[in-house]
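Every letter in the sequence shown is one number past the one before it in full-length UniProt numbering, and letter 173, counting from 1, is 173. Where a beta carbon is used, it is the ideal one built from N, C-alpha and C, also for glycine.
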Amino acid sequence: MLTFLHAADFHLDSPFHALPPEQAAERRQEQRQLLTRLADTARQAQVDLVFLAGDLFDGQRARPETVQALYQVLEELEAEVFLSPGNHDPYSPTSPYGKFPWPDHVHIFTQAAPARVEVPQLGAVVYGSAFTSLYRMDSPLAGFHAQEEDLAAFGCFHGDLSSAHSRYGPITHNEIAASGLHYLALGHSHSASGLKRAGKTYYAWPGCPEGRGFDETGDKGVYLGQLEGGRVSLDFVPLARRRYLTPSLDITGQDPAQALEALIRASRPEDILRISLTGTRDPDNEPNLTALTALASGYFYSASLYDNTTLSQALWARMEEDTLTGLFLRAMAQRLQEAAPSERPLLERAVRFGLAALEGREEPQ
Numbered sequence: 001m002l003t004f005l006h007a008a009d010f011h012l013d014s015p016f017h018a019l020p021p022e023q024a025a026e027r028r029q030e031q032r033q034l035l036t037r038l039a040d041t042a043r044q045a046q047v048d049l050v051f052l053a054g055d056l057f058d059g060q061r062a063r064p065e066t067v068q069a070l071y072q073v074l075e076e077l078e079a080e081v082f083l084s085p086g087n088h089d090p091y092s093p094t095s096p097y098g099k100f101p102w103p104d105h106v107h108i109f110t111q112a113a114p115a116r117v118e119v120p121q122l123g124a125v126v127y128g129s130a131f132t133s134l135y136r137m138d139s140p141l142a143g144f145h146a147q148e149e150d151l152a153a154f155g156c157f158h159g160d161l162s163s164a165h166s167r168y169g170p171i172t173h174n175e176i177a178a179s180g181l182h183y184l185a186l187g188h189s190h191s192a193s194g195l196k197r198a199g200k201t202y203y204a205w206p207g208c209p210e211g212r213g214f215d216e217t218g219d220k221g222v223y224l225g226q227l228e229g230g231r232v233s234l235d236f237v238p239l240a241r242r243r244y245l246t247p248s249l250d251i252t253g254q255d256p257a258q259a260l261e262a263l264i265r266a267s268r269p270e271d272i273l274r275i276s277l278t279g280t281r282d283p284d285n286e287p288n289l290t291a292l293t294a295l296a297s298g299y300f301y302s303a304s305l306y307d308n309t310t311l312s313q314a315l316w317a318r319m320e321e322d323t324l325t326g327l328f329l330r331a332m333a334q335r336l337q338e339a340a341p342s343e344r345p346l347l348e349r350a351v352r353f354g355l356a357a358l359e360g361r362e363e364p365q
């Protein structure tokens, strides 16, 4: 039996433009701490092999402290390490992979064509390739087949299965099936794929180890795997300290602040939330987003709130009246029906202001 750890897409030194400068710097430091948790996971599992399938760095240049952090972590690992540069961090003589010396047990693929590295003490062989520019229109597995009768055959590649027209190493299901590999460790997708199979070849994308935005939500981490008797099993190991989450909070019949406090009590303060207020409410019970955001921001690392509630039917009770009020409500109902979801809160607020003006009431706050 052989054991391995499979990770990809750390995107170290990401800019984190959406955060204030101090928080962005803190997040980059936390990214480097991911490397320590990666090493701890590998040591605790006593893995034989570590596959790093590309985009470890977010760009072609890296901060010296980040390169040093990666070097130190990899140097301390007892496992054989295989690294395939991706489209964000392609290999070149001036890249961090080419400019600095790396430990002997760290094997960095440096060319677009698949290269073979035998690990005789493990009875294994690992194939891999590198992006050498920001784009790659051809498949890294085109025409590839590993002819290994007596060795466990692994692949470590960066590529995309989503489209034949991808600019990021488009790989096909048939190419994976024809590869002759026992396990293909892939990078590029930031969502964990789960264990998949094409022909006799098992493959997976582990996703990124920690999200960087609301397009990378939920638990993120790495895979621990085993190869035995030609069969592969994978276990997902969460690695992220912070998660990006987009919960919906139904405030129907509730005080918004009390509903938010209940969500806070059930949540982790380390996380980053975009909270959507949903449900129906009375016209005079508009959520105070400023106060609610302040409440959430005092608990979470970062939080934002959006009002996606709808007005209760009581607001429209006079819509069928043959009056100016009825005419106004019918016109606004038609506009709401045709509006995009992002426009509805503003239109509903206009309805409340319009009704207040027509009925001679004080304008709602």
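Out of the options, point me to the one whose CA is closest to residue i's CA.
i, options, result
"residue 277", "293, 269, 270, 31", "293"
"residue 40", "5, 52, 194", "5"
"residue 236", "263, 159, 191", "191"
"residue 255", "304, 247, 279, 151", "279"
"residue 299", "66, 148, 260, 189", "260"
"residue 172", "199, 344, 336, 265", "199"
"residue 105", "121, 140, 37, 344", "121"
"residue 320", "332, 12, 156, 275", "332"
"residue 240", "13, 35, 360", "35"
"residue 85", "79, 222, 169, 297", "169"
"residue 231", "67, 359, 183", "183"
"residue 11", "20, 90, 76, 160", "90"
"residue 9", "154, 167, 208", "208"
"residue 372", "33, 114, 7", "Residue 372 lies beyond the stretch modelled for the chain, which goes from 1 to 365, so this question has no answer here."
"residue 113", "126, 125, 130", "130"
"residue 285", "177, 252, 201, 350", "252"
"residue 68", "102, 195, 338, 49", "102"
"residue 59", "134, 352, 353", "134"
"residue 51", "22, 65, 109", "109"
"residue 307", "7, 154, 126, 349", "349"
"residue 211", "47, 357, 243", "243"
"residue 64", "287, 162, 226, 29", "29"
"residue 181", "31, 93, 150, 188", "150"
"residue 70", "31, 355, 287", "31"
Since residue i sits in a beta bridge, which residues does DSSP pair it with?
i, result
"residue 274", "304"
"residue 160", "170"
"residue 6", "51, 223"
"residue 284", "Answer by DSSP bridge pairing: none, since residue 284 is not bridged."
"residue 353", "DSSP lists no partner for residue 353."
"residue 238", "221"
"residue 248", "276"
"residue 202", "183, 197"
"residue 309", "Partner(s): none; residue 309 has no beta bridge."
"residue 69", "Note: residue 69 sits in no beta bridge, so no partner."
"residue 155", "127, 184"
For my contact list, residue i and residue j are in at a C-beta cut-off of 8 Å; report their separation, rounded to the angstrom.
i, j, result
"residue 82", "residue 128", "6 Å"
"residue 164", "residue 123", "Between residue 123 and residue 164 the Cβ distance is about 36 Å, and since that is not below 8 Å, they are no contact."
"residue 144", "residue 95", "Incorrect: roughly 24 Å between the Cβ atoms, too far for contact."
"residue 318", "residue 326", "6 Å"
"residue 283", "residue 324", "The pair is not a contact, with the Cβ atoms about 18 Å apart (cut-off 8 Å)."
"residue 217", "residue 246", "6 Å"
"residue 206", "residue 223", "5 Å"
"residue 185", "residue 193", "Not confirmed; about 11 Å, so no contact."
"residue 107", "residue 80", "7 Å"
"residue 312", "residue 272", "In fact, because the Cβ distance is near 32 Å, the residues do not count as touching under 8 Å."
"residue 24", "residue 15", "7 Å"
"residue 268", "residue 214", "Going by Cβ atoms, the distance from residue 268 to residue 214 rounds to 16 Å, so no, they are not a contact pair."
Say whether chain C places a C-beta atom closer than 8 Å to the C-beta of residue i.
i, result
"residue 107", "Going by chain labels, chain C is absent from the structure shown, which holds only one protein chain."
Is DSSP giving residue i helix, strand or coil here?
i, result
"residue 146", "coil"
"residue 62", "coil"
"residue 231", "strand"
"residue 197", "strand"
"residue 325", "helix"
"residue 293", "helix"
"residue 299", "coil"
"residue 178", "coil"
"residue 317", "coil"
"residue 192", "coil"
"residue 210", "coil"
"residue 257", "helix"
"residue 80", "strand"
"residue 339", "coil"
"residue 262", "helix"
"residue 346", "helix"
"residue 358", "helix"
"residue 89", "coil"
"residue 216", "coil"
"residue 1", "coil"
Uninterrupted beta strand (DSSP E) stretches inside the region 94-138 (no shorter than 3 residues): 106-108, 115-119, 124-128
Within the region 12-56, ranges of the alpha helix (DSSP H) (whole runs, at least 4 residues): 21-45
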